[in-house]
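A quick write-up on the structure given underneath.
There are 2 protein chains.
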Amino acid sequence: MVTAHGAVETPVFMAVGTRATVTGLTPDDLREVRAQVVLGNTYHLMLRPGMETFERVGGIHRFMTWDGPVLTDSGGYQIFSLSADREMSERGAVFRAYTDQRKHMLSPERSIQMQAAIGSDIMMVLDECVDSRADEATVRTAMERTHRWALRSLAARENSAQALFAIAQGGVVRELRKQSAGFLREHPFDGFALGGLAVGDTRSQREDITHFATELLPVERPRYLMGVGTPPDLLLAIAAGVDMFDCVLPTHMGWQGTAFTSTGRVRITRGAHRDADVSLDADCACNTCKNHSRSYLHHLFKSSEPLGPRLLSLHNLHHYNDLMADARGAIEAGAYVAFMRRKLQEIDRHEHGPASDSVDAASV
Amino acid sequence: MVTAHGAVETPVFMAVGTRATVTGLTPDDLREVRAQVVLGNTYHLMLRPGMETFERVGGIHRFMTWDGPVLTDSGGYQIFSLSADREMSERGAVFRAYTDQRKHMLSPERSIQMQAAIGSDIMMVLDECVDSRADEATVRTAMERTHRWALRSLAARENSAQALFAIAQGGVVRELRKQSAGFLREHPFDGFALGGLAVGDTRSQREDITHFATELLPVERPRYLMGVGTPPDLLLAIAAGVDMFDCVLPTHMGWQGTAFTSTGRVRITRGAHRDADVSLDADCACNTCKNHSRSYLHHLFKSSEPLGPRLLSLHNLHHYNDLMADARGAIEAGAYVAFMRRKLQEIDRHEHGPASDSVDAASV
Numbered sequence: 002m003v004t005a006h007g008a009v010e011t012p013v014f015m016a017v018g019t020r021a022t023v024t025g026l027t028p029d030d031l032r033e034v035r036a037q038v039v040l041g042n043t044y045h046l047m048l049r050p051g052m053e054t055f056e057r058v059g060g061i062h063r064f065m066t067w068d069g070p071v072l073t074d075s076g077g078y079q080i081f082s083l084s085a086d087r088e089m090s091e092r093g094a095v096f097r098a099y100t101d102q103r104k105h106m107l108s109p110e111r112s113i114q115m116q117a118a119i120g121s122d123i124m125m126v127l128d129e130c131v132d133s134r135a136d137e138a139t140v141r142t143a144m145e146r147t148h149r150w151a152l153r154s155l156a157a158r159e160n161s162a163q164a165l166f167a168i169a170q171g172g173v174v175r176e177l178r179k180q181s182a183g184f185l186r187e188h189p190f191d192g193f194a195l196g197g198l199a200v201g202d203t204r205s206q207r208e209d210i211t212h213f214a215t216e217l218l219p220v221e222r223p224r225y226l227m228g229v230g231t232p233p234d235l236l237l238a239i240a241a242g243v244d245m246f247d248c249v250l251p252t253h254m255g256w257q258g259t260a261f262t263s264t265g266r267v268r269i270t271r272g273a274h275r276d277a278d279v280s281l282d283a284d285c286a287c288n289t290c291k292n293h294s295r296s297y298l299h300h301l302f303k304s305s306e307p308l309g310p311r312l313l314s315l316h317n318l319h320h321y322n323d324l325m326a327d328a329r330g331a332i333e334a335g336a337y338v339a340f341m342r343r344k345l346q347e348i349d350r351h352e353h354g355p356a357s358d359s360v361d362a363a364s365v
Numbered sequence: 002m003v004t005a006h007g008a009v010e011t012p013v014f015m016a017v018g019t020r021a022t023v024t025g026l027t028p029d030d031l032r033e034v035r036a037q038v039v040l041g042n043t044y045h046l047m048l049r050p051g052m053e054t055f056e057r058v059g060g061i062h063r064f065m066t067w068d069g070p071v072l073t074d075s076g077g078y079q080i081f082s083l084s085a086d087r088e089m090s091e092r093g094a095v096f097r098a099y100t101d102q103r104k105h106m107l108s109p110e111r112s113i114q115m116q117a118a119i120g121s122d123i124m125m126v127l128d129e130c131v132d133s134r135a136d137e138a139t140v141r142t143a144m145e146r147t148h149r150w151a152l153r154s155l156a157a158r159e160n161s162a163q164a165l166f167a168i169a170q171g172g173v174v175r176e177l178r179k180q181s182a183g184f185l186r187e188h189p190f191d192g193f194a195l196g197g198l199a200v201g202d203t204r205s206q207r208e209d210i211t212h213f214a215t216e217l218l219p220v221e222r223p224r225y226l227m228g229v230g231t232p233p234d235l236l237l238a239i240a241a242g243v244d245m246f247d248c249v250l251p252t253h254m255g256w257q258g259t260a261f262t263s264t265g266r267v268r269i270t271r272g273a274h275r276d277a278d279v280s281l282d283a284d285c286a287c288n289t290c291k292n293h294s295r296s297y298l299h300h301l302f303k304s305s306e307p308l309g310p311r312l313l314s315l316h317n318l319h320h321y322n323d324l325m326a327d328a329r330g331a332i333e334a335g336a337y338v339a340f341m342r343r344k345l346q347e348i349d350r351h352e353h354g355p356a357s358d359s360v361d362a363a364s365v
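These protein sequence lines map, in sequence, to chains A and B. For the first sequence, the numbering used here gives the first residue as 2, with consecutive numbering after it. For the second sequence, the numbering used here gives the first residue as 2, with consecutive numbering after it.
What follows is the structure, encoded as structure tokens:
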């Protein structure tokens, strides 16, 4: 995939940098963990620092000093998940902001205008997100509005050089997923995302719909599964044809003291690591694993020292990017399915075996 | 000054790494800001991770992956300032720990034993600290006990290769300061610190006693003013002959959103910086100033993003180390007093002038 700020190798995991910062990490750190794309969020960035800042500075790349590709989510999911006090209409969403308690408006046009100011390489259309457990009529109505908003976004984009991705909806209803992909693929979007998953659906529903809906999207364009997930989630979705992922999991889990390693998840606060004068992951080449012991990381977390979360989220991002690099290698070698099976078995053995240090993957 | 982990250029500002970490920063960060010495704390480190961890790992250098010099404070000041539930006797201090709520004991011998396990390059003797406003008899009694404890520390050190510094006490009483320096300089300590300042004394008392007491200490050994201070404090103390400093100010102020710059203090959360697409300090070569704008730093603090404090404390340490490097240059050029006067005037103009962004230096 080629963007205005360089090429991206897919499948790719994008580092979540909601507020123009990947929690606690500098752009140098991101390069060190081989992050390819940073994901910003229109909803949060329109509230703070606001459009004027991006217009004045000349966009997010200069604002956060990141010269690689940036994708911005449109804010549709945040309106759904964060704004209790919201009114949805055909025009757009009116919601009360967490920053200044004032009413703000987000429409397809306003979202594109904001993303143009942010200057992301890839913009997302504003979509209407509903709970997967809503009745079919509700899911259909939101999907149809999402389609109309996608066309309004395409018009609002005008001749911007920024790419624009559509978001397919349809909940867990196969017929609706078919309609959504069928409608959107007829229009000149630069890529397609699957939205409306991980919002009330079960794990097996999500896996089923991911496979079903990804195959309905054009194979010659990037296909992006939004907000997913654990390493097994990613491995399975790649088999379904997904090219792009984003998820807060590696950074959030890192800040909470959980590391993803080649031998399963490690909760660094556990007493067993107090005396472990070994690296977090013997198979990892990140700076955390090269320089620091589990014992020291344990001490940092027990002392509530901010260096601990920083070192763990650095490692977790490196781990995710390693997994993607290995997946790309396996795909190029024509051996992806065997690679995936081996990886899934390894993870299952480590995370559910008798010596497991893991929280249940489903509990995340 | 030469230590087991390399030479140190003086005057030197030591980075406070109480719990074997300088808040939020890696050893690579410390090298980047040209930190020469890290200061750990015996009181905190004996409680967590505890002596056994240091014995097993082989000391603090390996534990925190810092190969430069380390100085450890003895814990005397922390017993004074942190332990409400404490009993002092000739033997030592018994106090209740904040970590496990259990009673712990710290004596001169126990402190040396702990510092031997930590493996610091420079150990400090355990002293008895009292409020500067205490009556003269109380200050004298604590000073005399500090002297006896200093000799017990010297004996407990045995033939360790680690350096050992004494701590002169005597509050703000000139006669006691004379006695303390006179007593301690007769014994083979590797360096001498001034303790019992910045504990209830006024600014002018502190400056007066610093000058008076520093001159009483042997000029051929390092002289260390503990826990001080602002840039003007350091400049004045260097003129008095002080070689070593430590203070939480640059890191703590950084975490609270205040930067020390060549044009005075900057409170980055102020609205004026929201639109300031300029570096924090045009005269600074640190990574924060090279890579990030005030506008971005303001955004990070307003968003409570941990990258903000990290970038500001990085800058502040760089600023302090720059000041020390400039002071060393001026001393070598035989022009320290002129340099100090110019710097003090600059700071005064920036921090108390009409366009000042500063909090009152005395309010820190």
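By construction, the Cβ of each residue, glycine as well, lies at the ideal position given by its N, Cα and C atoms. It should be emphasised that the depicted structure is a prediction, and the values quoted were computed from it without experimental measurement.
(request) May I ask you to report which of helix, strand or coil DSSP gives V38 of chain B? (result) Looking at V38 of chain B - three-state DSSP - the assignment turns out to be coil, as it is neither helix nor strand.
(message) Quick check on Y99 of chain A: does DSSP put it in helix, strand or coil?
(response) In this structure, DSSP gives Y99 of chain A a state outside helix and strand, which the three-state scheme calls coil.
(request) Using the Cα positions of G242 of chain A and I210 of chain A, report the straight-line distance between them to the nearest angstrom. (result) If I take the Cα positions, the gap works out to 13 angstroms.
(request) Output the boundary residues of the alpha helix (DSSP H) element that contains I113 of chain B. (result) Element bounds for I113 of chain B: 109 to 119.
(request) Just the C-alpha distance for M15 of chain A and Y297 of chain B, rounded to the nearest angstrom, thanks. (result) So the two alpha carbons sit approximately 21 angstroms from each other.
(message) With a threshold of 8 angstroms, are at least 3 pairs of Cβ atoms found where one atom belongs to the segment 214 to 221 of chain B and the other to the segment 185 to 196 of chain B?
(response) The segment 214 to 221 of chain B makes contact with the segment 185 to 196 of chain B, as at least three CB pairs between them are under 8 angstroms.
(message) List, in chain order, every chain A residue whose beta-carbon is nearer than 8 angstroms to that of H319 of chain B.
(response) For a Cβ distance threshold of 8 angstroms, nothing in chain A lies close to H319 of chain B: the least Cβ distance comes to about 15 angstroms.
(message) Taking 9 angstroms as the threshold (beta carbon to beta carbon), is D282 of chain A in contact with chain B?
(response) For D282 of chain A, the answer is no, since every Cβ of chain B falls outside 9 angstroms of its Cβ.
(message) Three or more C-beta pairs under 8 angstroms: does that hold for the segment 299 to 310 of chain A against the segment 8 to 26 of chain B?
(response) Verdict: yes, contact present.
(request) Please say whether A164 of chain B and M227 of chain B have beta carbons closer to each other than 9 angstroms? (result) Remark: C-beta atoms of M227 of chain B and A164 of chain B do not approach each other more closely than 9 angstroms.
(message) Taking the alpha carbon of Q114 of chain B as the reference point, which residue from B:R149, B:H6, B:G60 has its own alpha carbon closest?
(response) Comparing Cα-Cα distances from Q114 of chain B to each of B:R149, B:H6, B:G60, the minimum goes to B:G60.
(request) Confirm, please, whether the CB-CB distance from D202 of chain A to S133 of chain A is below 9 angstroms. (result) D202 of chain A sits close to S133 of chain A, with the two beta carbons spaced by under 9 angstroms.
(message) Which complete beta strand (DSSP E) runs does the segment 109 to 178 of chain B hold, if anything under 3 residues is left out?
(response) Note on the segment 109 to 178 of chain B: whole beta strand (DSSP E) runs with a minimum of 3 residues are 123 to 125, 164 to 169, in chain order.
(request) In angstroms with no decimal places, state the Cα-to-Cα distance between D361 of chain A and D247 of chain A. (result) For D361 of chain A, the predicted structure reports a pLDDT of 38, less than 50, and the residue's modelled location is therefore unreliable. A value from the coordinates is still provided. Approximately 21 angstroms between the Cα atoms of the pair.
(message) With the cut-off set at 9 angstroms, would you say M106 of chain B and A117 of chain B are in Cβ contact?
(response) Cβ distance not < 9 angstroms, so M106 of chain B and A117 of chain B don't count as in contact.
(request) Rank B:L312, B:C285, B:L318, B:L235 by C-alpha distance to the C-alpha of M341 of chain B and give the top, closest one. (result) Closest option to M341 of chain B, Cα to Cα, is B:L235.
(message) Any beta carbon from chain A within less than 9 angstroms of Y44 of chain B's own beta carbon?
(response) Y44 of chain B has a beta carbon lying at 9 angstroms or more from every beta carbon in chain A.
(request) Give the secondary structure of K243 of chain A by DSSP, where H, G and I count as helix, E and B as strand, and everything else as coil. (result) The sequence given here has Val at residue 243 of chain A, not Lys. Residue state, collapsed to three classes: coil.
(request) For F55 of chain A, go through chain B and note every residue whose CB falls closer than 9 angstroms to its CB, in chain order. (result) Chain B residues near F55 of chain A: none, gap ~10 angstroms exceeds 9 angstroms.
(request) Consider the C-beta atom of L315 of chain B and the heavy atoms of the ligand PLP; say whether any pair is separated by less than 8 angstroms. (result) Here there are no bound small molecules, and the ligand PLP is not part of this structure.
(request) Let me know the beta strand (DSSP E) ranges lying completely inside the segment 193 to 244 of chain A, each 3 residues or longer, listed in chain order. (result) Counting only runs of 3 or more, we get 224 to 226.
(request) Starting from the beta carbon of T22 of chain A, find every residue of chain B whose beta carbon is closer than 7 angstroms, and list them in chain order. (result) The answer, in chain order, is L301, E306, L308.
(request) Below 8 angstroms CB to CB, which residues in the same chain sit around P223 of chain B once its five sequence neighbours on both sides are set aside? (result) Beyond the five residues adjoining it in sequence on each side, P223 of chain B comes within less than 8 angstroms, by CB distance, of M2, T11, F166, D191, G192, F193, D244, M245 in the same chain, given in chain order.
(request) Please report the Cβ distance between G77 of chain B and N42 of chain B, rounded to the nearest whole angstrom; I am assuming they are in contact, meaning their Cβ atoms lie under 8 angstroms. (result) Not a contact, Cβ separation roughly 10 angstroms.
(message) When you compare the segment 318 to 333 of chain B with the segment 30 to 40 of chain B, are there three or more beta-carbon pairs, one atom per stretch, that lie closer than 8 angstroms?
(response) The segment 318 to 333 of chain B vs the segment 30 to 40 of chain B: in contact.
(request) Give me whichever residues DSSP pairs with M341 of chain B in a beta bridge. (result) None; M341 of chain B has no bridge partner.
(message) I'd like to confirm the pairing. Which residues does DSSP put opposite D74 of chain B in its beta bridges?
(response) Partner(s): B:N42.
(message) With the cut-off set at 9 angstroms, would you say P109 of chain A and A157 of chain A are in Cβ contact?
(response) Cβ distance < 9 angstroms, so P109 of chain A and A157 of chain A count as in contact.
(message) The alpha helix (DSSP H) that contains A326 of chain B, what's its start and end?
(response) 308 to 333 is the extent of the alpha helix (DSSP H) around A326 of chain B.
(request) Can you tell me which of A:L345, A:R295, A:S82 puts its alpha carbon nearest to the alpha carbon of V58 of chain B? (result) Closest by alpha carbon: A:R295.
(message) Check this for me: beta carbons of L281 of chain B and I269 of chain B, under 9 angstroms apart or not?
(response) Taking 9 angstroms as the Cβ cut-off, L281 of chain B and I269 of chain B qualify as a contacting pair.
(request) May I have the straight-line CA-CA distance separating I239 of chain B from H212 of chain B, to the nearest angstrom? (result) Rounded to whole angstroms, I239 of chain B and H212 of chain B show a C-alpha spacing of 9 angstroms.
(request) Go ahead and label V32 of chain A buried or exposed: buried means 16 or more other beta carbons lie within 10 angstroms of its beta carbon, across all protein chains shown. (result) One detail in the question is off: residue 32 of chain A reads as Arg in this sequence, not Val. Burial is judged here by how many other beta carbons sit within 10 angstroms of a residue's own beta carbon; R32 of chain A has fewer than 16 and is exposed.
(message) List, in chain order, every chain A residue whose beta-carbon is nearer than 9 angstroms to that of S296 of chain B.
(response) Here the neighbours are P50, T54, R57, V58, F64.
(message) Considering just the uninterrupted stretch of the alpha helix (DSSP H) at G366 of chain A, what are its terminal residues?
(response) The shown model of chain A, from 2 to 365, leaves out residue 366 of chain A, and the question about it has no answer.
(request) Starting from the C-beta of R153 of chain B, find all residues in its chain whose C-beta is less than 6 angstroms away, skip the five residues before and the five after it, and write them out in chain order. (result) Within the same chain, R153 of chain B has close Cβ partners P109.
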